[in-house]
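Trainee: First residue of the sequence shown? That's 0 in numbering that gives the first Met the number 0, and the numbers climb one at a time after it. All C-beta atoms in this analysis are idealised placements derived from N, C-alpha and C, irrespective of residue type, glycine included.
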Amino acid sequence: MISPLNGDLARLFQNPSTFLGFKRGFQPFFQCPKCPKSYTHFSSLQKHIKWGCGKEPQFQCKSCSKRFYLLGQLNWHSKLKHPGQS
């Protein structure tokens, strides 16, 4: 079963303006229809459209105030930049 979001993304994939060709040899890249960002993997474009495009970052680091779109990005940042802090 295809959800409405998946259906919209499937239409983006079929749209020739979304698939912009190949870069770095034979790797395809996909352009976001709403902003200038492009991605090598279609799944990355899907995540960008669902979680980031046109939205403000909603997760903020308590140690340095840097903001992130995904909680996993914040957790990774905290482990790398602020080890030992909670």
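Under the rule that 16 or more other beta-carbon atoms within 10 Å means buried, what is Q59, buried or exposed?
Mentor: Within a 10 Å sphere around the beta-carbon of Q59 sit fewer than 16 other beta-carbons, which makes this residue exposed.
Trainee: What does DSSP give as the partner residues of F41 in its beta bridges?
Mentor: According to DSSP, F41 shares a beta bridge with no other residue.
Trainee: Considering only DSSP beta bridges, list what Q72 is partnered with.
Mentor: Bridge partners of Q72: none, in fact.
Trainee: Any idea which residues DSSP pairs Q30 with across the strands?
Mentor: S37
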